[in-house]
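Protein chains in written order, with my numbering: chain F, 1 to 102; chain G, 1 to 505.
Yeah, the Cβ is synthetic: ideal placement off N, Cα and C, and Gly gets one too.
Computed from a predicted model, the values in this text were never measured in an experiment.
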């Protein structure tokens, strides 16, 4: 499925939400907690909610990347699940915030 | 991604946060989004391919930035302080355009071919109410902003910033909604300055409430900080000196202020030291950047300010006049005229590379195919990688084959207590190619020879100004840039006149 920049994503298994800020170079499936995410406001698949937070759980304001395809997702709402793309866990992109300069 | 997505994200995550203006009646994130969407629908229905903005800073400016982005129209803020003829010429260069302008500007701008005018008030009215989510344009390479450079000698260049340049700067340097709900930033740079654009984008994304000063006066600035409980602000160096004078005169400090950043010109060390001593709790940040680099590329952070101020080591102390370290997302090199990287301590041209660097003008790319951009600024790195910017490359004085940076001599002259302001310039010289002259503001008076011996004692004899001219004040533009070329041609013309007088006798 195409994921242009600006596509909104919502987890089917937790409260996590995100937005695509860099599109992937190859089509694939974006998941949270191992279940396909609802893309661009489509209905989420029915799935059981996660009981416990996963490793790499979605944290608001953090950016997550797939090194293979360049996909970059900004988490806009926190959740217990972790993002993955075609089964590859997305990794946290560390950004060193700048002291306020403008 | 397009810049409006920054607003979409923030408005989605925290819709009711007041972002523009005073609490509690200021514009919220979702209010700003709605206004921008309605503004975009209006702009979309006009013939104008670009959107220009000529007016004071205000909420409408922030709306117009995002409305243009949603409508997929390049946004071009114009310097409303320019003489009518110049302003109309820039407007004509932007045509076909929809021009949003302050009501009193309409008579000045009316009748330019291909330009439809709308007042800020009318635009604000159109933007009231609920907006609909439109189908959004999105391409990194779309032109987001066009800014005309100040162009002190020639026709202004139109610097082009693409959406990808601006959003990569924001995403890689700002923490999403990382601001405290109580934070407020005071914006006093004008809308047509790159810092005015980046202030809007970074405030939205960090969720920091933005208070806009329509036009800068030091009194208004201080009043606004007090009244709005301002925590953050950005100023240009000339503003800071005047602000400190007001604080001294009123005998107050600014207890709510936590962070003060400055940039856009060289900060005299005496001024920043005075500011640090008056407000020791404030975090000072020196930010260096150009229009063509989407704002900041190098930062002297608060810890480095304090370390430099407290240090007995001259190399560390000196960093107070540096612009700090390059951002982690920007590569920076100092290169000589042949394009070779030079050793630390050697002056050369500052080159940068990174996603935020546009290095592009209408009809001309200054950025190289490998992504490196020559800034035309002269600078050097110290042993720890701190960047010292010495001014524009064109301003470097070449005397008898030796490169002399004006700022080096200026810094020494400023040490003299009688000197309030100074500019060091090169003027044509038959024997040396160029010779050094100084323009000095010293209301109390000072002997020329005293200044010369000071330079001779601190620097080499080749650095000593051969002539010193005394001025009541030096010419600056409204964003605090010294008009060196103006000053140089005035001095050169005066010298020619004198030579003419001598010959006539």
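Boundaries (first-last residue) of the alpha helix (DSSP H) holding residue i
i	result
residue 9 of chain F	Note, residue 9 of chain F: premise wrong, no alpha helix (DSSP H); beta strand (DSSP E) at 8–10.
residue 221 of chain G	218–227
residue 72 of chain F	First-last for residue 72 of chain F: 72–77, but that is the beta strand (DSSP E), not the alpha helix (DSSP H).
residue 39 of chain G	29–44
residue 16 of chain F	Premise fails: residue 16 of chain F is in no alpha helix (DSSP H) and is neither H nor E.
residue 157 of chain G	Here residue 157 of chain G belongs to no alpha helix (DSSP H), and DSSP marks it neither H nor E.
Opening and closing residue of the beta strand (DSSP E) in which residue i lies
i	result
residue 101 of chain G	97–101
residue 53 of chain G	50–54
residue 83 of chain F	83–85
residue 313 of chain G	Per DSSP, residue 313 of chain G belongs to no beta strand (DSSP E) and is neither H nor E.
residue 234 of chain G	232–235
residue 286 of chain G	283–290
residue 121 of chain G	Unbroken run through residue 121 of chain G is the alpha helix (DSSP H), 120–126; no beta strand (DSSP E).
residue 295 of chain G	295–300
residue 536 of chain G	Nothing in the structure corresponds to residue 536 of chain G, since chain G is present only between 1 and 505.
residue 439 of chain G	433–441
residue 332 of chain G	331–335
residue 429 of chain G	421–429
Neighbourhood of residue i by C-beta, 6 Å cutoff - its chain only, sequence neighbours within 5 removed
i	result
residue 242 of chain G	218
residue 505 of chain G	Bear in mind that the predicted position of residue 505 of chain G carries a pLDDT of just 41, short of 50, making it too unreliable to give a figure here.
residue 16 of chain G	28
residue 4 of chain F	23
residue 193 of chain G	479
residue 28 of chain F	85 and 86
Cut-off 8 Å between Cβ atoms - residues of its own chain near residue i, not counting five sequence neighbours on either side
i	result
residue 132 of chain G	37 and 41
residue 492 of chain G	427 and 428
residue 185 of chain G	199, 203, 208, 209, 210, 211, 230, 231, 232, 233 and 234
residue 43 of chain G	51, 67, 68, 71, 73 and 98
residue 58 of chain G	120, 212 and 214
residue 475 of chain G	482, 483, 486 and 487
Residue i burial status per 10 Å Cβ neighbour count (16 or more: buried)
i	result
residue 25 of chain G	exposed
residue 439 of chain G	buried
residue 188 of chain G	buried
residue 500 of chain G	Confidence at residue 500 of chain G is low in this model, with a pLDDT of 45, below 50, so its placement is unreliable and the value that follows should be read with caution. Its Cβ having fewer than 16 others within 10 Å, residue 500 of chain G is exposed.
residue 19 of chain F	buried
residue 17 of chain F	buried
residue 130 of chain G	exposed
residue 470 of chain G	exposed
residue 252 of chain G	exposed
residue 330 of chain G	buried
residue 68 of chain F	exposed
residue 164 of chain G	buried
residue 206 of chain G	buried
residue 405 of chain G	buried
residue 128 of chain G	exposed
residue 460 of chain G	exposed
residue 80 of chain F	buried
residue 64 of chain G	buried
residue 266 of chain G	buried
Cutoff 7 Å; reference residue i; Cβ partners in own chain excluding five residues on either side
i	result
residue 503 of chain G	At residue 503 of chain G the pLDDT is 46, less than 50, meaning the model places this residue with poor confidence and gives no usable figure here.
residue 168 of chain G	355 and 356
residue 60 of chain F	75, 76, 77 and 78
residue 466 of chain G	435, 436 and 437
residue 106 of chain G	117 and 119
residue 49 of chain F	13 and 14
Distance cut-off 6 Å: residue i Cβ against heavy atoms of the ligand ATP
i	result
residue 242 of chain G	Questions concerning the ligand ATP fall outside what the structure shown contains, since it holds no ligand whatsoever.
Contact list for residue i against chain B, beta-carbon separation under 9 Å
i	result
residue 239 of chain G	Among the protein chains of the structure shown, namely F and G, there is no chain B.
Task: Positions along the stretch 68–102 of chain F whose CB lies within less than 8 Å of some CB in chain G - done: 74, 76, 77, 95, 96, 97, 98, 99, 100, 101 and 102
Task: Contact residues within the stretch 288–309 of chain G, judged by C-beta distance below 8 Å to chain F - done: 295, 296, 299, 301 and 302
Task: Those runs of the beta strand (DSSP E) which lie wholly inside the stretch 165–200 of chain G and span at least 3 residues - done: 184–187
TODO: With a floor of 4 residues, list each alpha helix (DSSP H) that falls wholly inside the stretch 60–101 of chain G, ordered by position along the chain.
DONE: 84–94
Task: Short-range partners of chain F found in the stretch 173–199 of chain G, where Cβ spacing is below 8 Å - done: 173, 174, 175, 176, 177, 178, 185, 195, 198 and 199
Task: Contact set between the stretch 323–335 of chain G and chain F, restricted to residues whose Cβ is under 9 Å from the partner - done: 327, 328 and 329
Task: Positions along the stretch 244–265 of chain G whose CB lies within less than 8 Å of some CB in chain F - done: 259, 261 and 263
TODO: Give, in chain order, every residue of the stretch 209–235 of chain G whose Cβ lies closer than 7 Å to some Cβ of chain F.
DONE: 232 and 234
TODO: Using a Cβ-Cβ cut-off of less than 7 Å, list which residues of the stretch 375–394 of chain G approach chain F; keep chain order.
DONE: none
Open item on the list: Runs of 3 residues minimum, wholly inside the stretch 377–408 of chain G: which ones carry the beta strand (DSSP E) assignment?
Closed with: 387–392, 397–399 and 402–404
Task: Members of the stretch 44–70 of chain F near chain G, C-beta cut-off 9 Å - done: 60, 61, 62 and 63
Open item on the list: Counting only Cβ-Cβ distances shorter than 9 Å, please list the residues of the stretch 6–17 of chain G near chain F, keeping chain order.
Closed with: 8, 9, 10, 12 and 13
TODO: Jot down the residue ranges of each uninterrupted alpha helix (DSSP H) in the stretch 2–30 of chain G, minimum 4 residues, whole runs only, in chain order.
DONE: 4–13
Task: Residues in the stretch 31–45 of chain G having any Cβ partner in chain F nearer than 9 Å - done: none
TODO: With 7 Å as the limit, tell me which residues of the stretch 2–35 of chain F have their beta carbon closer than that to any beta carbon of chain G; keep them in chain order.
DONE: 4, 5, 6, 19 and 21
Open item on the list: What are the residues in the stretch 275–287 of chain G lying within 8 Å of chain F by C-beta distance?
Closed with: 283, 285 and 287
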